[in-house]
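Residue numbers (the working numbering), protein chains in the order written: chain P, -4 to 258; chain Z, -4 to 258.
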DNA sequence: CGGGGATTTGACACATATCAAGAGCGGTGG
DNA sequence: CCACCGCTCTTGATATGTGTCAAATCCCCG
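Rendered as structure tokens:
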């Protein structure tokens, strides 16, 4: 995957995810609830399950929710009862302190799970907010857990999903604890790029769904610093930035920036 | 639980954990492997299980490992096959970058689980190092998962343990992303205090098992800054520090420091 | 009892935050 | 359709918290 790959080869995901028939009949919502025909099945919880197991799993998901930009999927303190799988769109999760300070703890895109923070305390410990019009599959935890009792593979997949979240957060700790602004921004862009690529989008051109302030919050920087770093990378010809549109021009240099020691 | 509580009322945990009989017969190691008689059972994975379920669970644990200070339980890149429950002692987990920079991602004490980062990648993504002579129960993941298939309560407990780890890491992200050095140190001390208290030790007096440098790495600070903050808290009469020995003198002021906005 | 790592403390440097002003853009309503 | 409003973003000047470098002391461990 080179930095010069064009947009053409990456079809928008939402189109691939919905079978043609569904588009024609207009019965999109009905068909799309089935994991077996969902374009995300290899990224999402059913990843690696056999067809019969997926059939069992998809019986779980009898609800989907559509959220408009800015709407909240769940809030801090809400009773936990479901995990959510992002079907389309982009989410952020945010923790808040009494004094108003906020920390964005993650950005979440299609195929990723939301809400696992709620399992132990049985109450959500952050807000999940849609950054664009979007849709999630609602997976009632009690049913997921029960089904898991009869379905080893599903149980293992769920463990893996939680483990991945733990590993991701270790990475963020490393970033926040030891890296400089330039590295944080470079890694942020590279990670986004990889995630878009995994979903069939261009790794070199994409739209940021979040504001500079949200990026800053996630990376432990002020929004002015985020803006300055974007400008600097642009001056150096590493990326081009136009509002929310990012174009990675020199992947190699960006990768170097992502691992340049303070020294 | 006040800050003036004396040490007397908190017996060392290892004594409570081992039944008297075992001490007398010398058959400590044998008996102590059984969860049902382990003083940690309400903090550890078997928490909330009924006696019969604990019996099933403890069959899993046919190995324990003793590690001396400085020894490594597992290393980055090691094949994952077990989760570990800390039985006694103190561990750190560390991630490393190619250029040598390190991030301590956690400190772990009795009753806490180690190794869940390995489930998804099937390889460990950090090192786990004993900070003092210590002992862990080895829980083979394959067997844990199989047993979980037949034992709902155990499965739920395991989910909760992973969820707790996710929530803990969210907290660290908040700390690293938005807080100043003074707040980070205060929260670090308060959190340690609570964890000691939960284990029957004094919340106001304890020994740090890690160096200033390890604390700094965990909190995203240099060790000189950690040292200066300790000195400052001491000057203000909030704590007293003698080498690794910490005494919390004014819990209220420490709690205020833990939530004092930059402003 | 000696040696080396850990810790403390001071002086100074620097990366990022803060404060401020203005420009750009998108959405809304007349 | 255009004009306005508000939010986001950019950029500059300056402030400051924490890092860096250095030296002295401590004390743990062999």
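Just so you know, even glycine gets a beta-carbon here, dropped at the ideal spot from N, CA and C. Predicted, not measured: the structure shown is a model, and the values here were computed from it.
Mind pulling the chain P residues with CB within less than 7 Å of residue 29 of chain Z? None at all; the shortest Cβ gap to chain P is about 25 Å.
Can you give me the Cβ contacts of residue 146 of chain Z inside the same chain, cut-off strictly under 7 Å, excluding the 5 residues immediately before and after it? Closer than 7 Å at the Cβ level, and outside the excluded window around residue 146 of chain Z, lie 48 and 51.
Restricting to runs no shorter than 3 residues, where is the beta strand (DSSP E) found entirely within the stretch 144 to 229 of chain P? Given a length threshold of 3 residues, each whole run of the beta strand (DSSP E) inside the stretch 144 to 229 of chain P is given here in chain order: 200 to 202.
Mark residue 46 of chain P as exposed unless 16 or more other C-beta atoms lie within 10 angstroms of its C-beta, in which case mark it buried. By the neighbour-count rule (16 or more Cβ atoms within 10 Å), residue 46 of chain P is not buried but exposed.
What residue from P/92, P/86 and P/114 has the CA that sits closest to residue 73 of chain P's CA? Nearest C-alpha to residue 73 of chain P: P/114.
Below-8 Å beta-carbon distance, residue 148 of chain P vs any chain Z residue: Among the CB atoms of chain Z, none fall inside 8 Å of the CB of residue 148 of chain P.
Do the CB positions of residue 182 of chain P and residue 253 of chain P come within less than 8 Å of each other? In contact: residue 182 of chain P and residue 253 of chain P (Cβ atoms closer than 8 Å).
Would you mind giving the Cβ-Cβ distance between residue 127 of chain P and residue 64 of chain P, rounded to the nearest angstrom? I have them listed as a contact below 8 Å. Taking 8 Å as the upper bound for CB-CB distance, residue 127 of chain P and residue 64 of chain P are in contact here, some 5 Å apart.
Counting only beta-carbon atoms, is residue 41 of chain P nearer than 8 Å to chain Z? It does not; no Cβ of chain Z falls within 8 Å.
Got a sec: which bits of the stretch 162 to 191 of chain Z sit with their beta carbon under 7 Å from any beta carbon on chain P, in order along the chain? The residues in question are 162, 164, 165, 167, 168, 169, 171, 172 and 173.
Quick one, which residues of the stretch 106 to 125 of chain P are near chain Z if we go by CB-CB under 8 Å, in chain order? Sequence-ordered contacts of the stretch 106 to 125 of chain P with chain Z read 111, 112, 113, 114, 115, 116, 120 and 121 [C-beta pairs closer than 8 Å].
Output yes or no for whether 8 Å exceeds the beta carbon distance between residue 71 of chain P and residue 29 of chain P. Their beta carbons are not under 8 Å apart, which means residue 71 of chain P does not touch residue 29 of chain P by this criterion.
Contact check, residue 105 of chain Z vs residue 35 of chain Z under 8 Å by CB: the rounded distance? With 8 Å as the limit, residue 105 of chain Z and residue 35 of chain Z qualify as a contact, their Cβ atoms being about 6 Å apart.
Sort P/209, P/137, P/189 and P/221 by Cα distance to residue 279 of chain P and report the nearest one. Residue 279 of chain P is absent from the model: chain P starts at -4 and stops at 258.
Between residue 137 of chain P and residue 67 of chain P, which are expected to be in contact by the criterion C-beta below 8 Å, what is the C-beta distance as a whole number of angstroms? With 8 Å as the limit, residue 137 of chain P and residue 67 of chain P do not qualify as a contact, their Cβ atoms being about 22 Å apart.
Nearest chain Z C-beta to residue 72 of chain P closer than 8 Å, yes or no? For residue 72 of chain P, no Cβ of chain Z is located within less than 8 Å of the residue's own Cβ.
Assign residue 232 of chain Z to one of two classes, buried (16 or more other C-beta atoms within 10 Å of its C-beta) or exposed (fewer than that). Label assigned to residue 232 of chain Z: exposed.
Hey, quick one: how far does the alpha helix (DSSP H) through residue 62 of chain Z stretch, first residue to last? DSSP places residue 62 of chain Z in no alpha helix (DSSP H) but in the uninterrupted beta strand (DSSP E) bounded by 58 to 62.
Candidates P/236, P/148 and P/150: which alpha carbon is nearest residue 184 of chain P's? Residue 184 of chain P has its Cα closest to that of P/236, out of P/236, P/148 and P/150.
Relative to the C-alpha of residue 180 of chain P, which candidate in P/207, P/165, P/198 and P/200 has its C-alpha closest? Restricting attention to P/207, P/165, P/198 and P/200, the CA atom closest to the CA of residue 180 of chain P is found in P/207.
Check whether the Cβ of residue 90 of chain Z lies closer than 8 Å to any Cβ atom in chain P. With respect to chain P, the C-beta atom of residue 90 of chain Z has a partner C-beta closer than 8 Å.
Got a sec: is the Cβ-Cβ distance from residue 230 of chain P to anything in chain Z below 8 Å? By this cut-off, residue 230 of chain P is not an interface position.
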